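Below you'll find the structure, written out as structure tokens, and then a few comments.
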Amino acid sequence: MKTESLCLHAGYEPKNGEPRVVPIAQSTTFRYESTAAVARLFDLEDAGFFYTRLGNPTVDAVERKIAALEGGVGALCTSSGQAASMLSLLNIAQSGEHVVSASSIYGGTFNLFAVTLKKLGIEVTFVDQNASDAEIEKAFRPNTRAVFGETLTNPSMDVLDIERFARLAHRHRLPLIIDSTFATPILCRPFEYGADIVVHSTTKYMDGHALQMGGVIVDSGNFDWTSGKFPEFTEPDPSYHGLVYTKAFGKAAYIVKARVQLMRDMGCCQSPQGAFYINQGLETLPLRMERHCRNAEKVAVYLEGHDKVESVSYPRLPGNANKALADKYLPEGCSGVISFSLKGGRDAGARFIDSLKMISLEVHVADIRTCVLHPASSTHRQLTDEQLRDAGIAPGTIRLSVGLEHVDDTLADLAQALEQA
26 MKTESLCLHA
36 GYEPKNGEPR
46 VVPIAQSTTF
56 RYESTAAVAR
66 LFDLEDAGFF
76 YTRLGNPTVD
86 AVERKIAALE
96 GGVGALCTSS
106 GQAASMLSLL
116 NIAQSGEHVV
126 SASSIYGGTF
136 NLFAVTLKKL
146 GIEVTFVDQN
156 ASDAEIEKAF
166 RPNTRAVFGE
176 TLTNPSMDVL
186 DIERFARLAH
196 RHRLPLIIDS
206 TFATPILCRP
216 FEYGADIVVH
226 STTKYMDGHA
236 LQMGGVIVDS
246 GNFDWTSGKF
256 PEFTEPDPSY
266 HGLVYTKAFG
276 KAAYIVKARV
286 QLMRDMGCCQ
296 SPQGAFYINQ
306 GLETLPLRME
316 RHCRNAEKVA
326 VYLEGHDKVE
336 SVSYPRLPGN
346 ANKALADKYL
356 PEGCSGVISF
366 SLKGGRDAGA
376 RFIDSLKMIS
386 LEVHVADIRT
396 CVLHPASSTH
406 RQLTDEQLRD
416 AGIAPGTIRL
426 SVGLEHVDDT
436 LADLAQALEQ
446 A
């Protein structure tokens with residue numbers, strides 16, 4: 026099926042007389058008739074549901090749908106995008122090990138990598154994703170376990186050269202993990218360019234309506250975990266009576282281990298009700314992404330031509346440094362997010378934001394309603410000035426998330442606010 030059809034039909038196929046819409050299995054647990062049946066579930070010998078932290082029919086339907094959209098072998102829904110990013114790395118890196126990450130990433134992810142993972146003994150080296158191969162290669166170490174980047178960076182809106190980063194990672198027999206939240210599988214499918222693991226904050230476009238927090242990890246099934254660098258997949262797991270993940274689950278070893286080890290122990294699971302909301306958003310995702318992209322393109326052109334705007338970062342604009350990469354990886358559009366700066370810096374930006382009427386100031390992005398944010402004082406507030414520069418953010422940078430309103434109304438609100446700036 027095509028992507029539009031998968032959004033509606035993948036993950037759940039009702040049998041005769043069953044509900045057409047994915048039902049909410051609002052139960053924490055499930056009944057069985059024998060201890061032997063439950064034992065087989067706990068030994069991972071049989072598939073099934075026994076506790077919603079590890080699996081639930083409603084959540085499972087959404088996981089199957091997202092895996093189908095990305096072209097992966099399996100997916101794991103989490104309680105937030107942050108949880109997805111965290112588990113994606115903890116599944117393959119432990120104390121004393123190392124990760125290479127692009128520096129232009131979401132501020133929350135930057136803090137997770139630079140502060141919290143460091144406390145757990147995992148060191149992350151940040152690299153300029155536009156640096157030469159030789160410069161990036163210097164960041165790799167014998168104990169490096171993964172490479173991380175974002176398809177469309179938040180909020181600088183740079184486009185990652187996925188194929189190049191995949192080539193660099195694979196040269197060292199390492200997986201490439203991509204956060205593809207802004208692109209969604211509607212605009213880009215990173216597995217087709219060599220990525221191995223994809224994470225999303227489903228809170229953003231996948232939900233799309235600012236209703237439900239969530240995240241997801243998707244496994245391509247393409248990475249070879251038997252190279253010797255990842256003994257946790259090829260050596261017996263004592264918590265499952267010596268089970269070996271690569272032998273028991275083959276291509277799905279990574280995503281199964283993430284579920285039965287990390288979700289079991291950390292519990293950052295998605296709820297059945299939450300999964301139901303996310304599924305509602307997924308069903309209209311192709312239509313919404315097309316409108317987000319077309320509206321944002323018109324707004325970006327308007328901002329670029331305004332005499333009070335110093336700079337605009339939107340990859341679809343002619344002359345943008347990322348235009349060639351956008352044409353390659355995101356030919357259908359670059360989402361509804363625009364990053365721009367006003368002449369007059371931070372103070373002008375504050376006056377502009379405070380003057381908006383229809384457009385909302387929100388700590389959110391990728392919503393059906395247009396919203397705006399000042400990253401340096403909010404999502405990236407914990408970063409130093411140097412770290413802000415490395416992430417492609419100036420003190421006066423404004424992140425605008427263009428929604429589904431009529432674009433003329435969005436432009437009118439921007440125009441009157443710019444007059445006040």
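Under the working numbering, the first residue of the sequence shown is numbered 26, with each subsequent residue one higher.
Beta carbons: idealized from backbone N, C-alpha and C, even for Gly.
Owing to the predicted nature of the structure, the values given are computational and were not obtained by experimental measurement.
Test item: CB-CB of residue i and residue j under 9 Å
| i | j | result |
| --- | --- | --- |
| Ser113 | Ala283 | yes |
| Ala235 | Ile393 | yes |
| Ala278 | Tyr265 | no |
| Val98 | Val125 | no |
| Asp451 | Ala171 | Since the first residue shown for the chain is 26 and the last is 446, residue 451 is missing from the structure and cannot be characterised. |
| Ile161 | Ala118 | no |
| Phe75 | Thr54 | yes |
| Pro400 | Arg371 | no |
| Met231 | Gly299 | no |
| Ile363 | Val432 | no |
| Met314 | Glu357 | yes |
| Lys90 | Ala50 | no |
| Ala351 | Val184 | yes |
| Pro82 | Pro297 | yes |
| Gly106 | Gln407 | no |
Span separating the alpha-carbon of residue i from that of residue j
| i | j | result |
| --- | --- | --- |
| Phe301 | Leu212 | 23 Å |
| Phe190 | Arg56 | 47 Å |
| Lys382 | Asp438 | 6 Å |
| Gly374 | Phe173 | 31 Å |
| Tyr354 | Glu217 | 10 Å |
| Glu329 | Ser336 | 7 Å |
| Asn347 | Leu66 | 48 Å |
| Ala391 | Gly361 | 7 Å |
| Val223 | Thr435 | 32 Å |
| Val63 | Pro48 | 24 Å |
| Cys293 | Ile130 | 22 Å |
Per-residue burial, residue i [other beta carbons within 10 Å of its own, 16 or more giving buried]
| i | result |
| --- | --- |
| His225 | buried |
| Ser338 | buried |
| Met238 | buried |
| Leu145 | exposed |
| His317 | buried |
| Leu312 | exposed |
| Leu386 | exposed |
| Glu70 | exposed |
| Thr251 | exposed |
| Thr141 | exposed |
Strand pairing of residue i, partner residues [DSSP]
| i | result |
| --- | --- |
| Leu425 | Ile363 and Val397 |
| Asp186 | DSSP, once it has assigned bridges, lists no residue as partnering Asp186. |
| Val324 | Its beta-bridge partners do not exist; DSSP assigns none. |
| Asp204 | Glu175 and Val224 |
| Tyr76 | Thr54 |
| Ala127 | Val152 |
| Val337 | Phe365 |
| Ile242 | Leu101 and Val224 |
| Leu268 | Asp262 |
| Thr60 | In the DSSP output, where bridge partners are listed per residue, Thr60 has none listed. |
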